[in-house]
Amino acid sequence: MAIAFTVNGQPVSVTVEEDTPLLWVLREELGLTGTKFGCGVAACGACSVQVDGALVRSCSLPVGEAAGKAVRTIEGLKAADGTLHKVQQAWIAAQVPQCGYCQSGQIMAAVALIEQVGTPSDAEIDAAMTNICRCGTYPRIRAAIRAATGAAAAATAASVPAEQGDA
Ligand code: FES
Ligand code: FES
768 MAIAFTVNGQ
778 PVSVTVEEDT
788 PLLWVLREEL
798 GLTGTKFGCG
808 VAACGACSVQ
818 VDGALVRSCS
828 LPVGEAAGKA
838 VRTIEGLKAA
848 DGTLHKVQQA
858 WIAAQVPQCG
868 YCQSGQIMAA
878 VALIEQVGTP
888 SDAEIDAAMT
898 NICRCGTYPR
908 IRAAIRAATG
918 AAAAATAASV
928 PAEQGDA
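Shown next, in the form of structure tokens:
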């Protein structure tokens, strides 16, 4: 059946079974491969996107539940003129990614957190950022979120102890 919604502000309509995971519609039907498949069971967060402003794990959301809603993916974070989102800029400055596989999901989770609470505390970051990174970039993720919110303008990779940042 045809299911219509918007992705990054653009209207789309896909003809798929309504229980098809949103992740596969984004990747296979719409070519938006920035959203990654990790576990497929809502455990790792690699597939994180926003639906009507709420952070969701798209591997476990039937596309039928996105009908009529606004989906936002990593591809939709940058401004119309190509300027990267402040979280993406902070990620680059802090040199967060290692293999990079989890990072689009991490960034989507960070954007949702900042949009929800403004300037999160370390405790709020630790509580909210439940995405898994097998490269252990967690200290740099925290530093980048703090930098993006102005909580610690000097929070860069240089301020992260090597034994934590280079796991
Ligand atoms: S692939 Fe969706 S949470 Fe892991
Ligand atoms: S950067 Fe490799 S899994 Fe997170």
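Residue 768 is where the sequence shown starts when you use our numbering, and the numbers rise one by one after that. Ideal placement from N, C-alpha and C gives every residue a C-beta, glycine not left out.
Taking C-beta atoms as the reference points, Ala-860 and Arg-907 fail to come closer than 7 Å.
The region 828-846 makes no contact with the region 885-898: fewer than 3 CB pairs, one atom from each, lie closer than 8 Å. Three or more Cβ pairs closer than 8 Å define a contact, and the region 789-797 falls short of that threshold against the region 875-888.
If you check the CB distance, Ser-815 and Gly-872 come in under 7 Å.
Around Gly-843, the same chain offers Val-774, Asn-775, Gly-776 as residues with beta carbons nearer than 8 Å, after the five sequence neighbours per side are excluded. Minimum Cα-Cα distance from Ala-914 among the listed residues Ala-857, Leu-789, Gly-885 corresponds to Ala-857. Going by DSSP, Val-783 is part of no alpha helix (DSSP H) at all; its letter is neither H nor E. Each of Cys-811, Glu-785, Leu-789, Thr-782 was checked against the Cα of Thr-897, and the nearest Cα belongs to Cys-811. If you measure from each CB to the nearest heavy atom of ligand 2, the residues under 6 Å come out as Pro-864, Gln-865, Cys-866, Gly-867, Tyr-868, Cys-869, Gln-870, Cys-900, Arg-901, Cys-902, Thr-904. In terms of side-chain proximity, the C-beta atom of Gly-801 is found no nearer than 6 Å to any non-hydrogen atom of ligand 1. Taking every protein chain shown into account, the CB of Val-854 has 16 or more other CB atoms within 10 angstroms, so this residue is buried. Per DSSP, the beta-bridge partners of Ile-770 are Val-781.
Separation of the CB atoms of Asp-848 and Ala-837 is rounded to 21 Å, and the pair is thereby denied contact status at 8 Å. Arg-839 has Gln-817 as its beta-bridge partners, per DSSP. The C-alpha of Ala-813 is placed about 6 Å away from the C-alpha of Phe-804. Per DSSP, the continuous alpha helix (DSSP H) segment holding Glu-882 begins and ends at 870-884. Listed in chain order, the non-local C-beta contacts of Ala-771 below 6 Å within the same chain comprise Ser-780, local neighbours out to five positions each way being set aside.
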